[in-house]
Structures are given as structure tokens and as C-alpha cells.
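So the sequence lines, in the order shown, correspond to chains F and D.
All the letters of the first sequence, read from the start, carry residue numbers 312 to 562 under my numbering.
All the letters of the second sequence, read from the start, carry residue numbers 91 to 572 under my numbering.
Beta carbons: idealized from backbone N, C-alpha and C, even for Gly.
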Amino acid sequence: MSNALLKVKNLHARADGKDILKGLDIEVQPGEVHAIMGPNGSGKSTFGNVIAGRESFEVTEGQIEYLGKDLLELSTEERACEGIFLAFQYPVEIPGVNNTYFLKTALNSIRRYRGEPELDSMEFLKLVKRKLSVLHLKDDLLKRAVNEGFSGGEKKRNEIFQMAVLEPKLAILDETDSGLDIDSLKAVADGVNRLRSEDRAIVVVTHYQRLLEYIVPDRVHVLADGKIVRSGGKELALQLEEQGYGWVQSA
Amino acid sequence: MSTTDAEVRKLVGRTYEHGFVSDIESDVAPPGLNEDVIAFISAKKNEPSWLLEMRLEAYRHWLTMPQPDWAKLDIAPIDFQAISYYSSPKSQKDRPKSLDEVDPKLLETYEKLGIPLHERAALAGVAVDMVFDSVSVGTTFREELKKAGVIFCSFSEAVAEYPDLVRQYMCSVVPKGDNFFAALNTAVFSDGSFVLIPKGVRCPMELSTYFRINEANTGQFERTLIVAEEGSHVSYLEGCTAPMRDENQLHAAVVELVALEKAQIKYSTVQNWYPGDENGQGGIYNFVTKRGDCRGDDSKISWTQVETGSAITWKYPSCVLRGDRSSGEFYSVALTHNYQQADTGTKMIHLGKDTKSNIVSKGISAGRGQNSYRGLVKVGRDAENARNFAQCDSLLIGPDCGAHTFPYIESKNPTARIEHEATTSKIGEDQLFYCQQRGIGEEDAVSMIVDGFCRDVFRELPMEFAVEAKKLLEVSLEGAVG
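Laid out in C-alpha cells, this is it:
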């Protein structure tokens with residue numbers, strides 16, 4: 312019995328009447344950074360959505376244990392309150408809702424769940440300013456509506472900013488590198504690296520090895536047709552880059 | 091209708107000075123509408139003969155009009171002869187004695203809205219001697235207004251004390267035969283408010299019908315007239331976020347605003363009449379004619395409304411931009427839930443040169459609610475350089491509701507610039523999931539998204555009204571998701 316943060320066993324899941332995950336196993340310890348790589352359609356995004364508890368994804372078989380609890384028993388917001396954070400591949404716009412207000416509502420909701428006192432506006436603003444400076448972000452981000460009119464890079468940075476404020480125990484970054492130019496990619500990766508810590512695990516889901524040059528993982532897994540077909544150290548990512556996914560799929 | 095044309099003509103010839111109405115002592119007119127009933131109402135209120143004539147003319151015109159059916163509303167037939175058009179305010183003994191006798195559901199809503207305890211009784215129609223401190227509040231309030239020269243009183247008082255002013259302005263914006271419901275109101279109106287801001291005066295406080303809450307039973311056929319003389323300013327708040335108890339199903343109000351040169355009127359409404367239950371039973375039919383006349387150059391009229399109540403809302407607060415460089419604004423949030431229907435919007439009639447109008451409409455539909463924006467922008471031949479901008483957004487919650495947009499544009503002047511933008515969006519599964527993934531519960535997420543959607547309108551509301559309006563939307567949308 313390990314004290315794994317996340318333990319996924321034989322996970323089967325479907326969406327839109329299609330089986331996508333077909334027996335996925337993974338175990339993540341606190342403090343680790345894992346990368347899940349795989350070709351399009353292999354089930355990468357499904358993995359993140361299932362862990363976060365999106366209703367349109369149905370778990371048909373298998374177990375997910377998180378902090379020793381049965382994750383499948385928890386609602387989406389309970390999972391968030393228990394410290395699970397999903398950085399979205401396509402962050403959602405909420406027009407007219409101020410970013411600061413959104414985050415304060417989220418943080419206080421989580422604090423309430425944990426029986427901690429809620430932060431008032433002043434305390435919250437202080438916290439947020441501190442996080443902004445750590446991530447080298449400009450504070451005009453605070454005044455804007457949630458993701459409304461943001462560029463692709465700004466949206467991804469906003470996700471990392473939210474992660475910094477909410478301080479999750481398990482963060483899943485779903486194709487956080489997609490659609491970013493190299494400068495944005497570096498900025499986002501730099502932010503993520505600053506959030507690495509001993510009691511936080513990060514799972515980076517990506518198609519390309521590029522992001523892993525900047526966020527160096529402890530473990531790399533290859534996902535193909537709904538299963539982890541190979542796991543290894545960071546060198547596995549390089550091998551994939553050179554030889555393509557065909558190599559593991561045929562293996 | 092019970093009266094034939096020939097009879098009408100015969101009646102026209104009669105004088106109504108004093109009562110051929112015998113039962114003037116009675117407190118309630120028998121159901122039905124005819125010239126006798128109108129004469130009865132007028133006599134009850136001791137009105138001058140010109141006003142009775144005006145009522146009768148409106149009534150005769152009303153008889154010739156069909157009930158309008160162009161709105162996208164499904165309205166059960168209204169039997170106008172089954173309604174009683176006059177009842178004096180309820181006596182104390184007919185009212186509930188205490189909050190214990192009031193519908194617990196209503197009290198629950200007050201609780202959710204955070205209405206202070208001492209105000210709940212008054213709103214629920216409980217027999218209390220005085221509405222909280224309305225006597226003292228009202229008195230200080232009146233004294234301060236008096237100092238400024240502002241007239242703010244009930245319509246009946248105005249008829250008695252300022253008959254010439256009332257006669258000069260009444261029906262000058264909404265003519266007595268303007269439309270079916272306005273004609274009906276003119277014929278049978280019960281009471282309402284009268285405001286006059288004298289030349290150059292900036293009204294020292296927001297005027298609110300709230301301070302007139304003790305005048306019960308005026309809601310059904312209410313009539314409001316606001317006159318802002320040259321260079322004056324006034325902000326007027328109508329309504330209340332608390333659902334008011336009312337036994338009358340049909341409401342037909344008329345509001346007339348007159349802004350003289352350089353005057354500004356800001357009129358804000360929160361309408362939360364009983365919307366009917368979750369199966370569409372009951373609820374108020376709300377047919378309102380609101381119109382402002384920017385009569386003087388450089389005048390401005392601004393309408394802001396938050397409409398969450400009533401089973402049916404038929405309402406188009408409008409601006410006639412007669413003065414040069416005058417401007418009109420319309421900011422609206424209309425919410426329909428369960429089986430509520432709303433057909434609401436505005437008319438901006440540009441007649442003067444360099445006139446401007448701005449329209450922001452936010453419609454929210456949930457449950458089986460149907461929500462239509464209907465707006466007319468009209469530019470007259472002489473309205474050089476008229477500018478209009480309209481933004482109409484609809485938000486859908488759930489699969490069974492509807493949103494519709496009917497913009498009408500008529501321009502007779504080639505220099506006009508008219509812009510119309512419209513969007514329709516759904517509170518998507520993706521938005522909800524995003525909020526929930528951040529730890530925010532579903533109901534909080536919905537109210538946050540709706541609040542964001544309405545932000546452009548809410549910021550036009552006076553501060554304390556905006557806070558209440560936000561809360562009101564939250565309560566109105568309870569159970570809309572999931």
C-alpha cells in the first residue's frame with residue numbers, strides 16, 4: 312500500500328457513446344511531475360475530464376483513488392475543493408464576470424468546504440498581487456472579465472494564475488502548450504515550474520515533447536487507444552519525438 | 091361590449107357633473123366597464139369635469155379598438171367586463187392581522203431577498219398602523235423636497251392641488267387613445283404619482299415610489315406623470331424587489347415623462363409582480379405604456395428596467411427625441427422563468443437634429459420562458475445626423491425556453507447612423523463545468539454568469555437598486571438548472 316496521491320486502476324470511460332479509455336492505469340505520488348503523451352484521439356483530454364468529474368464522460372469500469380478516497384463518489388466541485396485542478400485546453404469565457412471576483416468566489420468556496428475562514432476583499436487582493444508578481448503577470452488581468460477577449464497565450468497564463476491562487480494538490484494541465492508561440496510557452500512553463508512543490512503533483516498532458524523541454528517530468532507515459540502502453544523516465548519523451556507514435560503503437 | 095354605438099352617442103351628450111350614480115357611498119364598483127362606472131370612479135375621486143371628459147373620451151375610443159395581438163405572447167382571453175374597476179383601499183379588518191396569516195412562501199422569498207423584518211409586514215399587506223417609519227421618513231423627505239420646490243405627490247392629490255399642471259401635461263406624451271391598454275388606463279386609472287421639478291433644480295434625492303407604499307391598491311391602473319422643467323434633473327425609482335401581494339390579475343399602467351430644455355430624467359424600474367407558479371398558473375398580466383418626450387433641446391431621458399415578475403410583460407419604454415441634440419437611453423434586463431412570457435423593448439423616435447439614442451437589452455430565458463425584444467428606431471425627415479446604437483443579447487438556460495429579437499428600423503433621413511448588434515448564447519455545460527471545476531457550486535455559477543451577462547444594465551441602476559436587482563435575479567432563477 313503506497314501513499315499515492317492518485318491511483319487509477321483499469322479505468323474505462325466513454326463519451327458520446329464511444330469507448331475512449333480502455334483500461335488505463337497510473338499512479339502519481341505527491342511532488343511528482345508526470346507527462347502523458349499520445350497521438351490525437353488516444354484519450355488524453357478524456358483522462359483530465361474524467362479526473363475532474365465532467366458529467367458528459369461516463370466511467371464504465373475501474374477505480375480512481377485520490378488521497379485514499381473514492382474519487383468517483385465526489386461531485387465536480389467537491390473534487391475541486393479536495394485540491395484537484397484542471398487547466399483547460401480551451402479555457403472558457405464568462406463575459407462580464409470579473410476575473411478577480413471569479414477567483415475570489417472560487418477560493419472562498421474551497422476554503423468554506425475545508426472549514427477555513429473566507430478571505431475578505433483586502434486579504435484576497437494581497438494574495439492575488441503576490442501570486443501575480445511571482446508569475447510575472449501584469450495586474451490588468453485582474454480587471455478583465457474571465458477569459459473574455461483574451462489571446463490564446465493570455466488564456467493559458469490565466470489558467471496558471473488560477474492554479475497559483477487555488478494551490479491544488481493535483482494539477483492536470485490539458486494541452487497547455489497547444490496554440491502557444493515559443494515565448495508564451497516559456498512563460499507558461501516558467502509559471503508551472505514555480506508551482507512545483509513537494510506536496511503538489513502535476514500531470515502534463517501533451518501531444519508534443521516541446522513543452523517537456525521546459526517542464527521536465529519525473530515520469531513519462533504513452534497513451535494509445537485508451538491505455539498506457541509504455542512508461543519511463545524523461546528520456547522516453549525524446550525517443551518519441553525522434554521515432555513518432557507509430558513506434559509505440561506497433562510495439 | 092354591452093354598449094351599442096347609438097347608446098354611446100346618446101351618453102356623450104349627457105353631463106356628468108354629479109351623480110346619476112346613486113351608490114356613491116359604496117366602496118367597490120360592481121364588475122364591468124361602462125360610462126356609469128367611469129363616472130362613479132371620477133365622482134369618488136372628486137375630479138373636475140375636464141378629467142371625467144378625458145376619461146370618457148378615452149373609454150369611447152377604447153371601445154373601437156381591438157386588443158393588440160402583434161406581440162409574441164400567448165394571452166388567455168381577458169374578460170374586461172368581469173373586472174371591478176374601483177375599490178377603495180382595503181380596510182384594516184380585511185387584511186391579515188400578522189405575518190402568521192401570510193403565505194409562508196411569500197415570507198420565504200422576503201427572507202431570501204434580505205428584506206428587513208419591519209418592511210415585510212407592510213409588503214405583505216398586513217394591517218399595521220403605519221408602514222415602519224414611513225410617517226417620519228416621509229415627512230422629512232417631503233420637507234426637503236418642498237424646500238427645493240419639487241412637487242412629489244399622488245396623482246389624485248395633484249389633480250386636486252395642481253389641476254392646471256396636470257391638465258397641461260397629462261396625455262400630452264401618451265395620447266388618450268394611443269393604444270388599447272393606454273386608453274383603458276386613461277378611462278379607469280386609479281391613482282399614481284405626479285412629479286414636477288422646477289426650472290434649474292437638481293432634485294436633492296432619488297424619488298422613489300417606495301415612500302408611497304402605504305397607498306395600497308393603486309397598482310392595477312397606475313398613472314405616473316413626471317415633468318422636468320428647463321435645466322432640471324431627477325432620478326426616479328419605481329417598484330421594489332419584494333414581490334408585492336396583489337389580487338388583481340390585469341395591470342395596465344401609463345407613465346409619461348416630459349423633459350424640457352436641458353432637463354434630464356432617469357427612470358429606473360424593478361418589476362417583480364407575481365409571475366405565476368411553476369406550472370404557469372396565475373400571475374399578473376402587465377401591459378404598460380411608458381413614454382418620455384424630450385421636448386426641449388439638449389434634454390435627456392434614460393429608462394432602466396429590471397423585469398423579473400409577471401406572467402405576461404408587454405412593455406416598451408420609449409423616447410420621443412423632439413428637441414435638437416436630445417438623447418434617449420434604454421437599458422433593460424428581462425427574465426422569464428417557468429411559463430413567463432415577456433415582449434419588451436423600446437421605441438426611439440428621432441425628430442430633432444443631432445439626436446442620439448442608445449439601447450442595451452438583455453433577455454434571460456429559463457424553464458419554458460419566452461422572451462422577446464421588440465424595438466423600433468425611427469428617424470424623421472428633419473432629424474439630421476441622428477445616431478442610434480442598439481445591443482440586444484439573449485441568454486438561454488435549459489433546452490425548453492425561447493429568445494426572440496424583433497428590431498424595426500425606419501429612416502427617412504440619409505444622414506442617420508443606426509447600428510444594431512444582437513447575440514444569443516446559452517449558459518453552456520462548458521461554462522458550468524469550468525466554474526464547478528474551480529470549486530463553485532452550480533447555483534452560484536449560474537447566478538454569477540447571469541450577473542456578468544447583465545452587468546452593462548446593472549451599472550446604470552442606482553447603487554442600492556443594483557445590489558437588490560442582482561439578488562432578485564438569483565432568487566428568480568432558483569431551480570433553473572439541474
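- Taking a cut-off of 8 Å on C-beta distances, the segment 273 to 283 of chain D touches the segment 144 to 153 of chain D, as three or more cross pairs fall below it.
- Residue 553 of chain D is outside the set of residues whose beta carbon lies under 8 Å from a beta carbon in chain F.
- Residue-level contact check: residue 157 of chain D does not touch chain F, since none of the beta carbons of chain F fall below 8 Å from its beta carbon.
- When rounded, the separation of the alpha-carbon atoms in residue 327 of chain D and residue 515 of chain F is 54 Å.
- Proximity of chain D to residue 405 of chain F at the Cβ level (cut-off 8 Å) is accounted for by 521, 524, 525, 538, 539, 542, in chain order.
- Listed in chain order, the non-local C-beta contacts of residue 122 of chain D below 7 Å within the same chain comprise 171, local neighbours out to five positions each way being set aside.
- Residue-level contact by beta carbon holds for residue 530 of chain D and chain F, with a gap shorter than 8 Å.
- For residue 466 of chain D, the beta-bridge partners assigned by DSSP are D:437, D:498.
- Put simply, the CB of residue 534 of chain D is near chain F, with a gap under 8 Å to one of its CB atoms.
- For residue 367 of chain F, at least one C-beta of chain D is nearer than 8 Å to its own C-beta.
- Against residue 545 of chain D, the close residues of chain F are 407, in the order they occur along the chain (beta-carbon pairs closer than 7 Å).
- Neighbours of residue 424 of chain F in chain D, taken as residues at a C-beta separation under 8 Å, are given in chain order as 529.
- In this structure, the straight-line span from the alpha carbon of residue 398 of chain F to that of residue 551 of chain F is close to 24 Å.
- For residue 387 of chain F, the chain D residues whose C-beta falls within less than 8 Å of its own C-beta are 523, 526, 527, listed in chain order.
- A direct Cα-to-Cα measurement between residue 358 of chain F and residue 332 of chain F gives close to 8 Å.
- For residue 502 of chain F, the closest alpha carbon among the candidates F:553, F:489, F:327, F:525 is that of F:525.
- For the C-beta of residue 363 of chain F, the chain D residues within less than 7 Å are, from N- to C-terminus, 527.
- For residue 397 of chain F, the beta-bridge partners assigned by DSSP are F:483.
- Taking residue 479 of chain D as reference, the option from D:366, D:453, D:493, D:436 with the minimal CA-CA separation is D:436.
- Residue 169 of chain D and residue 157 of chain D have their C-alpha atoms spaced approximately 11 Å apart.
- The straight-line gap separating the alpha-carbon atoms of residue 316 of chain F and residue 510 of chain D is approximately 54 Å.
- With a beta-carbon spacing of about 13 Å, residue 311 of chain D and residue 264 of chain D fall beyond the 8 Å limit used to define contacts.
- Listed along chain D, the residues sitting closer than 7 Å to residue 421 of chain F by beta-carbon distance are 529.
- Put simply, the CB of residue 391 of chain F is near chain D, with a gap under 8 Å to one of its CB atoms.
- In this structure the segment 427 to 437 of chain F does not touch the segment 463 to 471 of chain F; the number of beta carbon pairs closer than 8 Å is below three.
- A straight-line Cα-Cα distance of about 34 Å links residue 535 of chain D and residue 538 of chain F.
- Under the Cβ distance rule, residue 435 of chain F does not count among the residues neighbouring chain D, no pair being separated by less than 8 Å.
- A straight line joining the alpha-carbon of residue 482 of chain F with that of residue 484 of chain D spans about 35 Å.
- Residue range 125 to 134 is occupied by the alpha helix (DSSP H) that includes residue 132 of chain D.
- Interface criterion met: the Cβ of residue 456 of chain F is under 8 Å from a Cβ in chain D.
- The beta-bridge partner set that DSSP reports for residue 393 of chain D consists of D:357, D:420.
- DSSP, read as helix, strand or coil, puts residue 329 of chain F in strand.
- Judged by beta-carbon spacing, residue 364 of chain F lies beyond the 8 Å limit of residue 335 of chain F, meaning their Cβ atoms are not closer than that value.
- Rounded to whole angstroms, residue 492 of chain F and residue 517 of chain F show a C-alpha spacing of 15 Å.
- Assignment of residue 150 of chain D by DSSP, reduced to helix, strand and coil, places it in the helix class.
- The C-beta of residue 417 of chain F comes closer than 8 Å to at least one C-beta of chain D.
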